[in-house]
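Comments concern the structure below.
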Amino acid sequence: MRVTGPERARLSQRAALASVGMALTLLVAKSWAAIATDSTAMLGSLADTGLDLIASIVTLIGVRIAALPADHDHRFGHGKAEALVALGQVVLITISALGIGWRAIDRLLHGAETANPEIGIGVSVFAMAGTLLLLSYQKRVIARTGSIAIQTDNLHYASDLYLNGAVIAALVIDHYLKISGADAVFGVIIALWLLWGAWSSAGASVDQLMDAEWPPEKREAFLAACADYPELKGIHDVRTRTSGVHDFIQFHVWVPEDWTVREAHDRLDRVEEALQQRFPGTEILLHLDPEGHTDREGMLPHHLTERR
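Numbering (the numbering used here), first residue to last: 741 to 1048.
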């Protein structure tokens, strides 16, 4: 069951702090390994961890801001701070991937040898074990909070498992199997992997910032629930969006012309309260129209707004 309010903020911030702590630990270990091995793949892993640290700190700041209640200047809350943070992570990961790719190609062209592979392998195994623990904890927090910032952080750390595995493979092939250039090739592969992961995780953030509609199955579930209430038989002009963990839906509904304003308000107020019980964290805004009324065309054409 998902939580909201202070409990959600507490869990999200704890997950972000755990991410910062893990990134700091791995940064120290990989710095030592990168110097000892002179491996491009390990250097790429180090750069990725450095960005993990920056991203985790930014995530912590983002979830703190997102947890702030609505105020005079932000009456829909601060939930989009999480989407901004997630998008910032994408930019950082992209810059890192380009830098790693450039260095790997340079070493592939000019050649270089690795050293002390046992140090790099040992540190990578340690990093994978620590990452697995962090991922498990983040998954539990995501299930309870739905935080998009923690989700993006989780995707990045999940890719670290493959990245560390690639470092191990690069060191074994390059040093023990004596296949020249393997370390640089794996460096290029890691850079491409980071680029793919960054942009594949950008979609949800962009959707929130652009006020994209809910996914079809989520929207249909809400409309199916509305069908349980006779007062909402004339529902139309449904618009939805999400900000952080908060959902917003607004719609128009026909009411009998002989209803007084008080009667319409009281009836639909009870329906609104019932729907909010069924869909926690959703703010519902409805507008009353006389039965059969067609609204003037605004931002959306009639074939969209008047569809029931």
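Glycine included, every Cβ here is placed at the ideal spot set by N, Cα and C.
DSSP beta-bridge partners of residue 1025
Reading the sequence shown from its first residue, position 285 is the one you call residue 1025. BP columns for residue 1025 point to 990.
Sequence-distant residues of the same chain with beta carbon closer than 8 Å to residue 949, five excluded per side:
Here residue 949 is taken as the residue at index 209 of the sequence shown, counted from 1. Excluding residues within five positions, the ones whose Cβ falls inside 8 Å are 820, 823, 824, 827.
Can you give me the Cβ contacts of residue 776 inside the same chain, cut-off strictly under 6 Å, excluding the 5 residues immediately before and after it?
In the sequence shown, residue 776 corresponds to position 36, counting from 1. Contacts found: 856, 859.
With a Cβ-Cβ cutoff of 8 Å, do residue 910 and residue 781 count as a contact?
The sequence position of residue 910 within the sequence shown is 170, counting from 1. The sequence position of residue 781 within the sequence shown is 41, counting from 1. In terms of Cβ geometry, residue 910 and residue 781 form a close pair [threshold 8 Å].
Whose CA, out of 843, 759, 831, lies closest to the CA of residue 945?
Indexing the sequence shown from 1 puts residue 945 at position 205. In terms of CA proximity to residue 945, 831 leads the group 843, 759, 831.
Is residue 760 closer than 8 Å to residue 805 when the C-beta atoms are compared?
One-based indexing of the sequence shown puts residue 805 at position 65. One-based indexing of the sequence shown puts residue 760 at position 20. Against a cut-off of 8 Å, the Cβ pair of residue 760 and residue 805 comes out as no contact.
How would you label residue 1032, buried or exposed, when you count the other beta carbons within 10 angstroms and need 16 or more for buried?
The residue labelled residue 1032 in the question sits at position 292 within the sequence shown. Answer is exposed; the Cβ neighbour count stays below 16.
Any contact between the region 923-938 and the region 803-817? By contact I mean 3 or more CB pairs, one from each, below 8 Å.
No, the region 923-938 is not in contact with the region 803-817.
Residue 836: first and last residue of the uninterrupted alpha helix (DSSP H) it sits in
Translated into the one-based positions of the sequence shown, residue 836 becomes position 96. Start and end: 820-850.
Taking the continuous alpha helix (DSSP H) assigned at residue 864, which residues delimit it?
Locating residue 864 in the sequence shown gives position 124, where the first residue counts as 1. Run containing residue 864: 857-885, per the alpha helix (DSSP H) assignment.
Please state whether DSSP places residue 1002 in a helix, a strand or coil.
Along the sequence shown, one-based indexing puts residue 1002 at 262. Looking at residue 1002 - three-state DSSP - the assignment turns out to be helix.
For residue 981, which of helix, strand or coil comes out of DSSP?
In the sequence shown, residue 981 corresponds to position 241, counting from 1. Assignment of residue 981 by DSSP, reduced to helix, strand and coil, places it in the strand class.
Give the straight-line distance between the Cα atoms of residue 1013 and residue 864, rounded to the nearest whole angstrom.
As a working mapping, residue 1013 is identified with position 273 in the sequence shown. As a working mapping, residue 864 is identified with position 124 in the sequence shown. Spanning the alpha carbons of residue 1013 and residue 864 requires a straight line of approximately 52 Å.
Taking all protein chains shown into account, decide if residue 897 is buried (16 or more other Cβ within 10 angstroms of its Cβ) or exposed.
Position 157 of the sequence shown, counted from the first residue, corresponds to residue 897. By the neighbour-count definition (other C-beta atoms within 10 Å, threshold 16), residue 897 is a buried residue.
How would you write the range of the alpha helix (DSSP H) that residue 798 sits in, first residue to last?
Numbered from 1 along the sequence shown, position 58 holds the residue referred to as residue 798. Segment 780-806, the alpha helix (DSSP H) holding residue 798.
Option nearest residue 838 by Cα separation, candidates 953, 874, 784:
Locating residue 838 in the sequence shown gives position 98, where the first residue counts as 1. Per the Cα distances, 784.
Do residue 972 and residue 1001 count as a contact pair if the criterion is CB distance below 8 Å?
Stepping through the sequence shown from its first residue, residue 1001 is reached at position 261. Stepping through the sequence shown from its first residue, residue 972 is reached at position 232. The beta carbons of residue 1001 and residue 972 sit no closer together than 8 Å.
Under a three-way DSSP split, which group does residue 975 fall into?
Against the sequence shown, residue 975 aligns to sequence position 235. Three-state DSSP puts residue 975 in a strand.
Per the contact definition of three or more C-beta pairs closer than 8 Å, is the region 975-993 in contact with the region 1023-1032?
Yes, since at least three Cβ pairs between the region 1023-1032 and the region 975-993 fall closer than 8 Å, the two stretches touch.
Where DSSP assigns a beta bridge to residue 928, which residues make up the other side?
Reading the sequence shown from its first residue, position 188 is the one you call residue 928. Looking at the DSSP output, residue 928 bridges to nothing.
Suppose you measure from the CA of residue 1016 to the CA of residue 1010; what does that come to, to the nearest Å?
Locating residue 1016 in the sequence shown gives position 276, counting from the first residue. Locating residue 1010 in the sequence shown gives position 270, counting from the first residue. Between the C-alpha atoms of residue 1016 and residue 1010 there is a straight-line separation of about 10 Å.
Taking the C-alpha atoms as reference points, what is the distance between residue 764 and residue 957?
Numbered from its first residue, the sequence shown carries residue 764 at position 24. Numbered from its first residue, the sequence shown carries residue 957 at position 217. Approximately 40 Å, taken between the alpha carbons.
Let me confirm a value: residue 870 is counted as buried when at least 16 other C-beta atoms fall within 10 Å, else exposed. Which label applies?
Here residue 870 refers to the residue found at position 130 of the sequence shown. Buried, because 16 or more other Cβ atoms sit within 10 Å of the Cβ of residue 870.
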